[in-house]
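Undergrad:
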Amino acid sequence: MQKKVNWGILGLGQIAHKFVADLKLIPNATLHAVASTSGERAQNFAAQYDAVHYYGSYEEMMKCPDIDVVYIASRHPRHHENTLLCLKHKIPVLCEKPFAMNGVEVEEMIAASKSNQTFLMEALWTRFLPTTKKVLELIDDDVIGEITGVKADFGFKAKFDESGRLYNQNEGGGALLDIGIYPIFLALLLLGKPEEIKAIASIGKTNVDETCHMLFKYSNNRIANLHASILNETATEAFIYGTKGVIRINSRFHESTSVTLLLNDKEPKDIFFEFLGFGYRYEAEAVMEYLSKDVIEHPLMPHSFSVDLMELLDRVRKEAGIFYPTYDRV
Ligand SMILES: NC(=O)c1ccc[n+]([C@@H]2O[C@H](COP(=O)([O-])OP(=O)(O)OC[C@H]3O[C@@H](n4cnc5c(N)ncnc54)[C@H](OP(=O)(O)O)[C@@H]3O)[C@@H](O)[C@H]2O)c1
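Everything in the sequence shown is counted per my numbering, starting at 32 for the first residue and increasing by one.
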């Protein structure tokens, strides 16, 4: 029988609800403790999902016995501080994306993981989906030949709400950190780090980037064309162009349940995947598997990948003039 893994959740907002729903699909995962800045929110959340313990402060949860891992679901600007808190107590961490607000914070988080010899991983769940696994297999098997470029977009029409996090510059609002990270993640996964970056953003009246367009150029003339928007719904597809054909990761590509193979001179072929829940269970299971191995990172989402990803986010925002006043530690 598999060992039970006791999860703690820190920050009980929208994504925490979805993550816990998926945790319930994993037979050996237990929702052990939840913590919020609001005691009432923690109590209600615990009652809704049968958490064993609940806390009205993050610090209090650190004293909770038997937590195996904490999922950090606070807003981006708190990821760094919340991660350091858990690691200081030698509690393993799965931290929501974006991992932090800038590269300096990411380096500090990884240093804390190393000095405390405690597991740390960015919750870039798309990496663990069956769809992504299949895409990498198709590329490894040379089905589309040499990759010549990538195109990916992620756009939705966000409700304009100055009090919400998306339109709040101090909360790391805007398209780039919230959803632009997905097209960038895909380009980094498939093509590595670019030699050249061009980026342009439309900055709205609350000073966040409402759209962000990016072009990354690599060796051998390969180019990634990436786009994120909170102003408009876009197709939210990804195309991986190769010398023998194209893989289209169907909408929405970051949570896709199918890909279409568009091989040169052949009929399109759809491939579908089993997909339970929202898709967060795959990253949670990956963490649980590696917790038992006594390592501090996961090979599919290692610390170095998060460093590179944040470096790209930092470079894009510098290039596009995207600015978060309190967190400008590029
Ligand atoms: N992986 C994904 O698919 C996905 C999807 C959505 C979001 N995310 C990421 O998850 C993180 C949380 O997103 P969310 O949509 O869940 O955010 P949210 O609902 O706005 O809030 C998350 C938590 O942040 C704290 N919070 C709320 N209002 C706050 C305020 N005014 N000032 C400071 N903290 C406040 C609260 O923690 P307490 O309960 O402790 O008070 C809240 O529960 C973000 O970093 C986001 O990028 C990931």
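For glycine and all other residues, C-beta sits at the position ideal for the given N, C-alpha and C.
(1) Could you work out which residue in ILE122, ILE327, ARG253 is closest to MET92 when comparing CA atoms only?
(2) Which partner residues of GLU227 appear in the DSSP bridge assignment?
(3) If you count every other CB in all the chains shown that lies within 10 Å of the CB of LEU208, and 16 or more means buried, which is it?
(4) Roughly how many whole angstroms lie between the Cα atoms of TYR86 and ALA64?
(5) Please return the same chain residues whose Cβ sits closer than 8 Å to the Cβ of THR288, not counting the five positions on each side in sequence.
(6) Report the residue from LYS49, LEU257, LYS35 whose alpha carbon sits nearest the alpha carbon of TRP156.
(7) What is the DSSP secondary structure of PHE270, reduced to helix, strand or coil?
(8) To which residues does DSSP link PHE185 through a beta bridge?
(9) Since I believe LEU343 is in contact with ILE215 (beta carbons under 8 Å), could you give me their beta-carbon distance rounded to a whole number of angstroms?
(10) Using DSSP's beta-bridge definition, name the partner residues of GLY39.
(11) Which value, in whole angstroms, describes the spacing of the CA atoms of GLU226 and TYR313?
(12) Evaluate PRO108 with the Cβ neighbour count: other Cβ atoms within 10 Å of its Cβ, from every protein chain shown; 16 or more gives buried, anything less gives exposed.
(13) How big is the Cα-Cα spacing for LEU284 and PRO129?
(14) In the DSSP assignment, find the unbroken beta strand (DSSP E) run with HIS111 in it and report its ends.
(15) Inspect the CB distances between the segment 173–186 and the segment 139–154 and report whether three or more fall short of 8 Å.
(16) What would DSSP say about THR265, mapped onto helix, strand or coil?
(17) Give the straight-line distance between the Cα atoms of ILE254 and LYS94, rounded to the nearest whole angstrom.
(18) For ARG360, which residues of its own chain have a beta-carbon under 6 Å away from its beta-carbon, when the five flanking residues on both sides are left out?
(19) Closer than 6 Å by C-beta to THR274: which residues in its own chain qualify, once you throw out the five before and the five after it? Chain order, please.
(20) Using a Cβ-Cβ cutoff of less than 6 Å, which residues in the same chain neighbour ALA269 once the five nearest sequence positions on both sides are dropped?
(21) Could you check how far apart the C-beta atoms of ALA230 and THR242 are, in whole angstroms? I think they sit under 8 Å.
(22) Within the continuous beta strand (DSSP E) that includes GLY276, where are the two ends?
(23) CB-CB under 7 Å to GLU316, same chain, minus the five flanking residues each way: which ones, in chain order?
(24) Spatial neighbours of SER233 within its chain, please: C-beta separation below 6 Å, excluding the five flanking residues on both sides.
(25) If you drop the 5 nearest sequence neighbours on each side, which residues of the same chain put their C-beta closer than 6 Å to that of PRO299?
(26) Please name the residue in LEU222, GLY186, ILE170, GLY205 whose C-alpha comes closest to that of ILE278.
(27) Measure the C-alpha to C-alpha separation of GLY310 and ARG106 and round it to an integer number of angstroms.
(28) Assign ASP99 to buried or exposed, taking buried as 16 or more other Cβ atoms, counted over all protein chains shown, within 10 Å of its Cβ.
(29) Span of the alpha helix (DSSP H) holding SER337?
(30) Among residues of its own chain, excluding the 5 on either side of THR61, which ones have a beta-carbon nearer than 8 Å to its beta-carbon?
(31) Whole alpha helix (DSSP H) runs in the segment 122–187 with 4 or more residues, listed along the chain?
(32) Tell me whether LYS190, by its Cβ, gets closer than 7 Å to a heavy atom of ligand 1.
TA: Concretely, from the data shown:
(1) Sequence index remark: in the sequence shown, residue 92 carries index 61 (1-based). The residue with the shortest Cα to Cα distance from MET92 is ILE122.
(2) For the purposes of this step, residue 227 is taken as the residue at position 196 of the sequence shown. Per DSSP, LYS248.
(3) Here residue 208 refers to the residue found at position 177 when the sequence shown is read from its first residue. It counts as buried.
(4) Mapped onto the sequence shown, residue 86 falls at position 55. Mapped onto the sequence shown, residue 64 falls at position 33. Going by the C-alpha atoms only, they are around 8 Å apart.
(5) Counting from 1 along the sequence shown, the entry for residue 288 is found at position 257. The answer, listed in chain order, is THR162, ASN281, PHE303, PHE304, PHE306.
(6) Here residue 156 refers to the residue found at position 125 of the sequence shown. Nearest neighbour of TRP156 by Cα position, chosen from LYS49, LEU257, LYS35, turns out to be LYS49.
(7) Within the sequence shown, numbered from 1, the residue matching residue 270 stands at position 239. DSSP places PHE270 in the strand class (E or B) of the three-state scheme.
(8) The residue you call residue 185 lines up with position 154 of the sequence shown. BP columns for PHE185 point to ALA259.
(9) Walking along the sequence shown from the start, residue 215 turns up at place 184. Walking along the sequence shown from the start, residue 343 turns up at place 312. The C-beta distance from ILE215 to LEU343 rounds to 5 Å, short enough to fall under 8 Å.
(10) Start at 1 with the first residue of the sequence shown, and residue 39 comes out as number 8. Paired residues: ALA64, VAL101.
(11) Taking the first residue of the sequence shown as 1, we reach residue 226 at position 195. Taking the first residue of the sequence shown as 1, we reach residue 313 at position 282. Computed Cα separation, rounded: 32 Å.
(12) The residue labelled residue 108 in the question sits at position 77 within the sequence shown. With 16 or more other Cβ atoms within 10 Å, it is buried.
(13) Locating residue 284 in the sequence shown gives position 253, counting from the first residue. Locating residue 129 in the sequence shown gives position 98, counting from the first residue. A small fix is needed here, since residue 284 is Phe in this sequence, not Leu. Distance between the alpha carbons of PHE284 and PRO129: 18 Å.
(14) Translated into the one-based positions of the sequence shown, residue 111 becomes position 80. Per DSSP, HIS111 belongs to no beta strand (DSSP E); it is in the alpha helix (DSSP H), 107–119.
(15) no
(16) Start at 1 with the first residue of the sequence shown, and residue 265 comes out as number 234. Coil, per DSSP.
(17) Looking up residue 254 in the sequence shown gives position 223. Looking up residue 94 in the sequence shown gives position 63. Between ILE254 and LYS94, the C-alpha separation is close to 49 Å.
(18) By 1-based counting over the sequence shown, the position of residue 360 is 329. Unreliable placement is indicated for ARG360, whose pLDDT of 49 sits below 50; no coordinate value is reported for it.
(19) As a first step, residue 274 must be located in the sequence shown, where it is residue number 243. GLY176, GLU177.
(20) Working through the sequence shown from its first residue, we reach residue 269 at position 238. So the qualifying residues of the chain are ALA183, LEU217, ILE280, PHE284.
(21) In the sequence shown, counting from the first residue as 1, residue 230 sits at position 199. In the sequence shown, counting from the first residue as 1, residue 242 sits at position 211. About 11 Å; that fails the 8 Å criterion.
(22) Numbered from 1 along the sequence shown, position 245 holds the residue referred to as residue 276. Where GLY276 is concerned, the enclosing beta strand (DSSP E) stretches over 276–280.
(23) Taking the sequence shown and counting its residues from 1, the one referred to as residue 316 is at position 285. Answer for GLU316: ILE57, listed in chain order.
(24) Numbered from its first residue, the sequence shown carries residue 233 at position 202. GLU241, THR242.
(25) Here residue 299 is taken as the residue at index 268 of the sequence shown, counted from 1. So the list reads THR291, LEU293, once near-sequence residues are dropped.
(26) Stepping through the sequence shown from its first residue, residue 278 is reached at position 247. That would be ILE170, whose Cα lies nearest to the Cα of ILE278.
(27) Counting from 1 along the sequence shown, the entry for residue 310 is found at position 279. Counting from 1 along the sequence shown, the entry for residue 106 is found at position 75. Each residue's alpha carbon lies about 20 Å from the other.
(28) If you number the sequence shown from 1, residue 99 lands on position 68. Buried.
(29) Locating residue 337 in the sequence shown gives position 306, counting from the first residue. Unbroken alpha helix (DSSP H) run through SER337: 334–351.
(30) Taking the first residue of the sequence shown as position 1, residue 61 is located at position 30. LYS35, VAL36, ASN37, TRP38, VAL83, listed in sequence order.
(31) Annotation: the segment 122–187 contains the following complete segments of the alpha helix (DSSP H) (minimum length 4 residues), in chain order: 134–146, 161–171.
(32) Counted from its first residue, the sequence shown places residue 190 at position 159. Set against 7 Å, the gap from the CB of LYS190 to the closest heavy atom of ligand 1 is not smaller.
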